[in-house]
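> Take the sequence shown: its position 212, counted from the start at 1, is 212 in full-length UniProt numbering, and no numbers get skipped. Note that beta-carbon positions come from the ideal geometry of N, C-alpha and C, so glycine has one too.
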Amino acid sequence: MVALGFSFQIIAQQSATYTSNLVDYQKALSLYNNQQYRASQSMFNTVKKTAKEEVLLSDCAYYIANCAVRLNQQNADSLIENFVEDYPTSTKRNTAFVDVADYYFANGKYSYARKWYNKVDVNALGQSEKEKFYFNNGYTAFTTKQFKDAKKYLSKVENSKEYGSQAKYYIGFMAYEGDDYDKANAYFEQVNDQERYKEKLSYYQADLHFKLGKFEKAIELAKERLKTSTREEVSELSKIIGESYFNLEKYAEAIPYLTEYKGKKGKWNNIDFYQLGYAYYKQGDYNKAISEFNKIIGGKNATAQNAYYHLGESYINVDKKQEALNAFRNASQMNYDLKIQEDAWLNYAKISYEIGNPYQSAPQVLAAYLEKYPKTSYKDEVETLLIDSYITSKNYKEALKLLDGKHSFENKQAYQKVAFYRGLELYNEGDYIGAKALLNKSLKEAHNNIYTARATFWKAETDYNITNYDDALIGFKQFVQQAESSTTPEYQNINYNLAYTYFKQKNYSKSTEYFNQFISNNKEDKVRLNDAYLRLGDGHFVSSQYSQAIAAYNNAISIGEIDSDYAFFQKALSAGYVGDSSKKISELEVFIKAYPDSKLRDDAMYALGNSYVKENQTDKAMAVYNRLSSEYKMSSFVPKALLRQGLVYYNASKNEQALTKFKKVATDYPGTPEAVQSVATTRLIYIDLGRVDDYAKWVKTLDYVDVTDADLDNATYEAAEKQYLDNNTDKAIKQFNGYLNQFANGLHVLQAHFYIAQLYYKKDLTGNAAPHYKYVVEASHSEFTEEALSRLSQFYLEKKDWQTAMALLKRLETEANRPQNVVFAQSNLMKAHYQLEEYNNAVLYADKVLASSKIDNKIKSDAHIIIARSAIKTGDEDKAKIAFAKVEKVATGETAAEALYYNAYFKNKEGNYEASNISVQQLAKDYSGYKYYSAKGLVLMAKNFYALNDAFQATYILESVIENFKDFTDVVEEAKTELSKIKKEESKTNSSILPEEN
Numbered sequence: 001m002v003a004l005g006f007s008f009q010i011i012a013q014q015s016a017t018y019t020s021n022l023v024d025y026q027k028a029l030s031l032y033n034n035q036q037y038r039a040s041q042s043m044f045n046t047v048k049k050t051a052k053e054e055v056l057l058s059d060c061a062y063y064i065a066n067c068a069v070r071l072n073q074q075n076a077d078s079l080i081e082n083f084v085e086d087y088p089t090s091t092k093r094n095t096a097f098v099d100v101a102d103y104y105f106a107n108g109k110y111s112y113a114r115k116w117y118n119k120v121d122v123n124a125l126g127q128s129e130k131e132k133f134y135f136n137n138g139y140t141a142f143t144t145k146q147f148k149d150a151k152k153y154l155s156k157v158e159n160s161k162e163y164g165s166q167a168k169y170y171i172g173f174m175a176y177e178g179d180d181y182d183k184a185n186a187y188f189e190q191v192n193d194q195e196r197y198k199e200k201l202s203y204y205q206a207d208l209h210f211k212l213g214k215f216e217k218a219i220e221l222a223k224e225r226l227k228t229s230t231r232e233e234v235s236e237l238s239k240i241i242g243e244s245y246f247n248l249e250k251y252a253e254a255i256p257y258l259t260e261y262k263g264k265k266g267k268w269n270n271i272d273f274y275q276l277g278y279a280y281y282k283q284g285d286y287n288k289a290i291s292e293f294n295k296i297i298g299g300k301n302a303t304a305q306n307a308y309y310h311l312g313e314s315y316i317n318v319d320k321k322q323e324a325l326n327a328f329r330n331a332s333q334m335n336y337d338l339k340i341q342e343d344a345w346l347n348y349a350k351i352s353y354e355i356g357n358p359y360q361s362a363p364q365v366l367a368a369y370l371e372k373y374p375k376t377s378y379k380d381e382v383e384t385l386l387i388d389s390y391i392t393s394k395n396y397k398e399a400l401k402l403l404d405g406k407h408s409f410e411n412k413q414a415y416q417k418v419a420f421y422r423g424l425e426l427y428n429e430g431d432y433i434g435a436k437a438l439l440n441k442s443l444k445e446a447h448n449n450i451y452t453a454r455a456t457f458w459k460a461e462t463d464y465n466i467t468n469y470d471d472a473l474i475g476f477k478q479f480v481q482q483a484e485s486s487t488t489p490e491y492q493n494i495n496y497n498l499a500y501t502y503f504k505q506k507n508y509s510k511s512t513e514y515f516n517q518f519i520s521n522n523k524e525d526k527v528r529l530n531d532a533y534l535r536l537g538d539g540h541f542v543s544s545q546y547s548q549a550i551a552a553y554n555n556a557i558s559i560g561e562i563d564s565d566y567a568f569f570q571k572a573l574s575a576g577y578v579g580d581s582s583k584k585i586s587e588l589e590v591f592i593k594a595y596p597d598s599k600l601r602d603d604a605m606y607a608l609g610n611s612y613v614k615e616n617q618t619d620k621a622m623a624v625y626n627r628l629s630s631e632y633k634m635s636s637f638v639p640k641a642l643l644r645q646g647l648v649y650y651n652a653s654k655n656e657q658a659l660t661k662f663k664k665v666a667t668d669y670p671g672t673p674e675a676v677q678s679v680a681t682t683r684l685i686y687i688d689l690g691r692v693d694d695y696a697k698w699v700k701t702l703d704y705v706d707v708t709d710a711d712l713d714n715a716t717y718e719a720a721e722k723q724y725l726d727n728n729t730d731k732a733i734k735q736f737n738g739y740l741n742q743f744a745n746g747l748h749v750l751q752a753h754f755y756i757a758q759l760y761y762k763k764d765l766t767g768n769a770a771p772h773y774k775y776v777v778e779a780s781h782s783e784f785t786e787e788a789l790s791r792l793s794q795f796y797l798e799k800k801d802w803q804t805a806m807a808l809l810k811r812l813e814t815e816a817n818r819p820q821n822v823v824f825a826q827s828n829l830m831k832a833h834y835q836l837e838e839y840n841n842a843v844l845y846a847d848k849v850l851a852s853s854k855i856d857n858k859i860k861s862d863a864h865i866i867i868a869r870s871a872i873k874t875g876d877e878d879k880a881k882i883a884f885a886k887v888e889k890v891a892t893g894e895t896a897a898e899a900l901y902y903n904a905y906f907k908n909k910e911g912n913y914e915a916s917n918i919s920v921q922q923l924a925k926d927y928s929g930y931k932y933y934s935a936k937g938l939v940l941m942a943k944n945f946y947a948l949n950d951a952f953q954a955t956y957i958l959e960s961v962i963e964n965f966k967d968f969t970d971v972v973e974e975a976k977t978e979l980s981k982i983k984k985e986e987s988k989t990n991s992s993i994l995p996e997e998n
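(1) Expressed to the nearest angstrom, what Euclidean distance is found between the alpha-carbon atoms of Gln305 and Ala419?
(2) Taking all protein chains shown into account, decide if Arg811 is buried (16 or more other Cβ within 10 angstroms of its Cβ) or exposed.
(3) Within the same chain, show all residues whose beta-carbon is closer than 6 Å to that of Met334, passing over the 5 residues directly before and after it, in chain order.
(4) Can you grab the Cα-Cα spacing for the pair Glu997 / Arg329, in whole Å?
(5) Which residue wins for smallest C-alpha separation from Leu443, given the options Ala883, Gln275 and Arg454?
(6) Going residue by residue through the region 16-63, where are the continuous alpha helix (DSSP H) segments of at least 4 residues, counting only ones entirely within it?
(7) For a test of the three-state rule: what should DSSP assign to Lys119, helix, strand or coil?
(8) May I ask you to report which of helix, strand or coil DSSP gives Tyr633?
(9) DSSP state of Lys734, grouped into three classes?
(10) Roughly how many angstroms separate the alpha carbons of Asp847 and Ala863, rounded to a whole number?
(11) Report the partner residues of Asn990 according to the DSSP bridge assignment.
(12) Going by Cα to Cα distance, which pick from Ala947, Gly893 and Ser827 is closest to Tyr930?
(13) Tell me which same chain residues have a C-beta within less than 6 Å of the C-beta of Thr618, skipping the five on either side of it?
(14) Since Asp470 is in the alpha helix (DSSP H), which residue starts that stretch and which ends it?
(15) Output the residue ranges of the alpha helix (DSSP H) runs that lie fully inside the region 540-571 and measure 4 residues or longer, sorted by chain position.
(16) Using only the alpha-carbon positions, how far apart do Arg791 and Tyr773 sit?
(17) Looking at the structure shown, is residue 1027 part of a helix, part of a strand, or coil, going by DSSP?
(18) Does the region 803-819 come close enough to the region 588-604 that 3 or more CB-CB pairs lie under 8 Å?
(19) Measure the Cβ-Cβ separation of Ala880 and Glu888 and say whether it is below 7 Å.
(20) On the three-state DSSP scale, how would you describe Ile240?
(21) In the structure shown, what three-state DSSP assignment does Gly430 receive?
(22) Could you tell me whether any non-hydrogen atom of the ligand ATP is closer than 6 Å to the CB of Ala899?
(23) Short of 8 Å in beta carbon distance, which residues of its chain neighbour Tyr933, apart from the five on each side in sequence? Order them along the chain.
(24) Between Ala951 and Lys295, is the Cβ-Cβ spacing less than 7 Å?
(25) Give the single residue among Ala652, Gly671, Ser678 and Pro670 whose Cα lies nearest to the Cα of Lys661.
(26) Determine the contact status of residue 1034 and Tyr432, defining contact as a CB-CB distance below 7 Å.
(27) Note down the Cα distance separating Asn326 from Arg114, rounded to an integer number of angstroms.
(28) Out of Leu750, Ala769, Asn468 and Val749, which one is the CA nearest neighbour of Gln758?
(29) Once DSSP output is grouped into helix, strand and coil, what is the label at Lys394?
(30) Just the C-alpha distance for Lys734 and Ser629, rounded to the nearest angstrom, thanks.
(31) For Ala289, collect the residues of the same chain with a Cβ closer than 6 Å to its Cβ; drop the 5 residues on either side in sequence, then sort them by chain order.
(32) Does DSSP put Gln677 in a helix, a strand or coil?
(33) What are the start and end residues of the alpha helix (DSSP H) that includes Glu513?
(34) Which residues mark the beginning and the end of the alpha helix (DSSP H) in which Gln505 is found?
(35) Which residue marks the beginning of the alpha helix (DSSP H) containing Gly767, and which one marks its end?
This is the structure we're talking about:
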């Protein structure tokens, strides 16, 4: 009984609990249906804790998870999954998937919905539930851009009464997005009568008709839609209308609509710019066309090629040829449309000829066009331009390469001219051997008599400059004999050249004849006239025609252009030679006072001392000699003056004073001719005094005197000297070397070293000459020192051994008697200091050079360029601007190119961009052979164009620099920096410029 009672009690308790759970379950379900999900979830949880029945537990788990979904709880998905896993036989399993998916769908969380729709067993659904599932699942796939699945599900309900219209709309839209415009149009036509789609479809149908090529219909539909459009739709519809008109070639109608387009996210692309630009182009509004075309940056397709071609034509129509050159060049480098490419090539070549080309020489461009299009109908015209461009481009070096191997008559004519001009360039650069070779090549193609005559003249000039005076004379005479010579610019001064050549040959009578002819026919060229009178005077002087010499020197002095001190000095000497000693003395005295800075002043003092001696005014002579020794310690006349003083004492029987002077010369100036004579005279004095032993002791202290070998020494030296004077170069070199090997400390060792150096120099063996010049330079000062300093310093300059060269040049500057050597020293000290980055010293010497009246334009140009470059290096751009302007007036070749670049540079700095571009264009036309400045000029031009709002020109030029001038790394880096800045800026408004290009 007890047991039964207990059992009943348990059953009763279970029943009560179950009943209570059912009541609570119903309350929870009611709360759920009233969307009180939090309270409902809490009650379902309470029921679930005490419920034992599988069905009740399953239903509670279902609703707890469902509430979690609706409450957006983080564990909602896992609760659903746990429900399915824990209660696999629950009838609510499929319902749970659908319910959750539908909830996410209704709340616009399509990716969540998609996840749960994919778990649904569609076969377990009723028909109406299936349609809803297909549409919802298809739509979630559509919104998540899974179009394949979207089409699969939506197509199942496209005929559904409830969902069919929506399904057709979305299927049509996917066809539209997939560029299947016919299918899209077919679907859209089926729903265009429904009000809910009408507004959206009006835009899509307009766009569809446009894409189907039905432009008139597209315009009609888009215009109709414009009346009720939003601001954003106005932009898109305007684009459809404008582009439709464009395709119908109604460009005037297209323009207002194309300009109304705002772009995607505020940006246009290259096609947008092209269409508006082309519309303006077809209307003849070239400036507006340019403003659109030039925004197309980096285009690499058929549209871009077409745009760049028409951009080139637009530039031509507004007379902007440099800009046109870049546009045509770009179009010619693309092969999307071969006809456009060929036309662009032709225009590019012709403009290159007309204005020059900074990328390649005009001849290269023209020749490349003919090579690419050998059958062109423009062949004759382009070949004519090619031949002429060899001359006009002034790029003679490159022209020679292009002409090499071409054998037509026209090319041979061109070769004659180009070889002539290139030879002239090398002549002006001081490369006389190279110049002569090219002038000979020009003469072999003697098709144009004018150039034959001119080449004959300049070949003679090269011979003159390499001291081949016999060949030079023949050349000058041949020039005169040619009929066309009188029409050449060289003819005016031919008598001057002939006179100088005879002068160098020491044929003074002929030299005088031609100088007189030059003087009688040339009164305007004061500098040459002055020089002619000087050389005429010299010719008379060495021919002992002193009265005529005096007259010539007086004429030179009256002109006063150059070397009036030299003329005055020579005139004084001449007075002495005609027997007027007193006049000679008085004029030398005047000279010493009148020309305190003359390099001939020590010469004058020596000559005056000698004249005093001759007139027995020995006290005055001694005073002048002493003054010379005091004021000009480094002068080659000091040992001569000391020797003269010794001889004066010797002749006056003042032997001790004479010995003092002679010994000083022998000791202080060893190896010089004066030292040798002093030793000989000292020997006579000691013999006269009967002190031969004293002489023997003293002479042993002189390591350059070997008394026993004196006769052999003299004989050996004289044999070598004879070969030298007879112009037998190789024999002279051999015999002088033999002399130096036999008499290392011989009587004539100084002269031997100097003459052998000169011979090696003449043969262009400067390395062989250098040690001999070095010996002369390091020996006591002599008449050879100046020349040796000049030649040896030149040797070290060519080796770029600046420090060694500078030491020699500084000596030359102070010790030289010839003004041209002073200028040589100062101009090269200027250059050496610059090379060593000692800019202040470089400018100091440049100013010294410019202060001289005896410099030619080349040296002036060098001085100005050093000042200008130094100013740039030290940041003084105001000074640099002034200096470069001066360089421009006198410079040639690469220096002129540099000056012109800075002309453009400073104009850019001042904001005068168009003027700066004109200077760069001139640089490209006249100096295209100097690639470094061409490249720098192009970067400058790019900056100018960007400042003038022409982004195409700027970017195209910079890209071309980066591609074509890789050797100039500094220029390429600057171009890359500028290009990056421009592209970054332009990408703000042009979507065709990708972010990674910035």
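Looking at the atomic coordinates:
(1) If you number the sequence shown from 1, residue 305 lands on position 305. If you number the sequence shown from 1, residue 419 lands on position 419. If you take the alpha carbons of Gln305 and Ala419, they lie about 39 Å apart.
(2) One-based indexing of the sequence shown puts residue 811 at position 811. Buried.
(3) Residue 334 sits at position 334 when you count from the first residue of the sequence shown. Here the set comprises Gln305.
(4) Stepping through the sequence shown from its first residue, residue 997 is reached at position 997. Stepping through the sequence shown from its first residue, residue 329 is reached at position 329. Residue placement at Glu997 is poorly supported in this model, since its pLDDT is 45, which falls under 50; the coordinates still yield a value, given next. Spanning the two alpha carbons is a distance of roughly 22 Å.
(5) On the sequence shown, position 443 is the one that residue 443 refers to. With distances taken between Cα atoms, Leu443 lies closest to Arg454.
(6) 37-50
(7) What you label residue 119 is simply residue 119 of the sequence shown in a count that begins at 1. Three-state DSSP puts Lys119 in coil, outside helix and strand.
(8) Walking along the sequence shown from the start, residue 633 turns up at place 633. In the sequence as presented, Tyr is not what sits at residue 633; that position holds Lys. Here Lys633 sits in coil by DSSP.
(9) Along the sequence shown, one-based indexing puts residue 734 at 734. In this structure, Lys734 counts as helix in the three-state DSSP scheme.
(10) The residue labelled residue 847 in the question sits at position 847 within the sequence shown. The residue labelled residue 863 in the question sits at position 863 within the sequence shown. The straight-line gap from Cα to Cα measures roughly 7 Å.
(11) Residue numbering aside, residue 990 sits at position 990 when the sequence shown is read from its first letter. Trp268, per the DSSP bridge assignment.
(12) The residue labelled residue 930 in the question sits at position 930 within the sequence shown. It is Gly893.
(13) Along the sequence shown, read from residue 1 onward, the residue named residue 618 stands at position 618. Cβ neighbours of Thr618 beyond the five flanking positions: Val648.
(14) Taking the first residue of the sequence shown as position 1, residue 470 is located at position 470. Looking at the DSSP string, the run of the alpha helix (DSSP H) that includes Asp470 is Tyr469 to Gln481.
(15) 546-559
(16) The residue given as residue 791 occupies position 791 in the sequence shown. The residue given as residue 773 occupies position 773 in the sequence shown. Straight-line Cα distance between these residues: approximately 7 Å.
(17) Residue 1027 falls outside the range modelled here, since the chain spans only 1 to 998, and no answer is possible.
(18) yes
(19) Mapped onto the sequence shown, residue 880 falls at position 880. Mapped onto the sequence shown, residue 888 falls at position 888. Not a contact, by the Cβ cut-off of 7 Å.
(20) Locating residue 240 in the sequence shown gives position 240, counting from the first residue. Ile240 falls in the helix class under three-state DSSP.
(21) The residue labelled residue 430 in the question sits at position 430 within the sequence shown. Here Gly430 sits in coil by DSSP.
(22) With respect to the ligand ATP, the structure offers nothing, as it holds no ligand at all.
(23) Start at 1 with the first residue of the sequence shown, and residue 933 comes out as number 933. The residues are Glu894, Ala897, Glu898, Leu900, Tyr901, Leu923 and Tyr927.
(24) Translated into positions along the sequence shown, residue 951 becomes position 951. Translated into positions along the sequence shown, residue 295 becomes position 295. Yes, they are a contact pair.
(25) Residue numbering aside, residue 661 sits at position 661 when the sequence shown is read from its first letter. Out of Ala652, Gly671, Ser678 and Pro670, Ser678 has the C-alpha closest to the C-alpha of Lys661.
(26) No information on residue 1034 is available, as it lies outside the stretch 1 to 998 that the chain covers here.
(27) The residue labelled residue 326 in the question sits at position 326 within the sequence shown. The residue labelled residue 114 in the question sits at position 114 within the sequence shown. In a straight line, the C-alpha of Asn326 is about 56 Å away from that of Arg114.
(28) The residue given as residue 758 occupies position 758 in the sequence shown. The candidate whose alpha carbon is nearest that of Gln758 is Ala769.
(29) To locate residue 394, count along the sequence shown from 1; it is residue 394. The answer is coil: DSSP assigns Lys394 none of H, G, I, E or B.
(30) Numbered from its first residue, the sequence shown carries residue 734 at position 734. Numbered from its first residue, the sequence shown carries residue 629 at position 629. Cα to Cα, Lys734 sits roughly 38 Å from Ser629.
(31) Residue numbering aside, residue 289 sits at position 289 when the sequence shown is read from its first letter. Result list for Ala289: Gly277, Tyr280, Tyr281 and Ser314, in chain order.
(32) Residue numbering aside, residue 677 sits at position 677 when the sequence shown is read from its first letter. Here Gln677 sits in helix by DSSP.
(33) As a first step, residue 513 must be located in the sequence shown, where it is residue number 513. Where Glu513 is concerned, the enclosing alpha helix (DSSP H) stretches over Tyr508 to Asn521.
(34) Here residue 505 is taken as the residue at index 505 of the sequence shown, counted from 1. Per DSSP, Gln505 belongs to no alpha helix (DSSP H) and is neither H nor E.
(35) Numbered from 1 along the sequence shown, position 767 holds the residue referred to as residue 767. Thr766 to Glu778 is the extent of the alpha helix (DSSP H) around Gly767.
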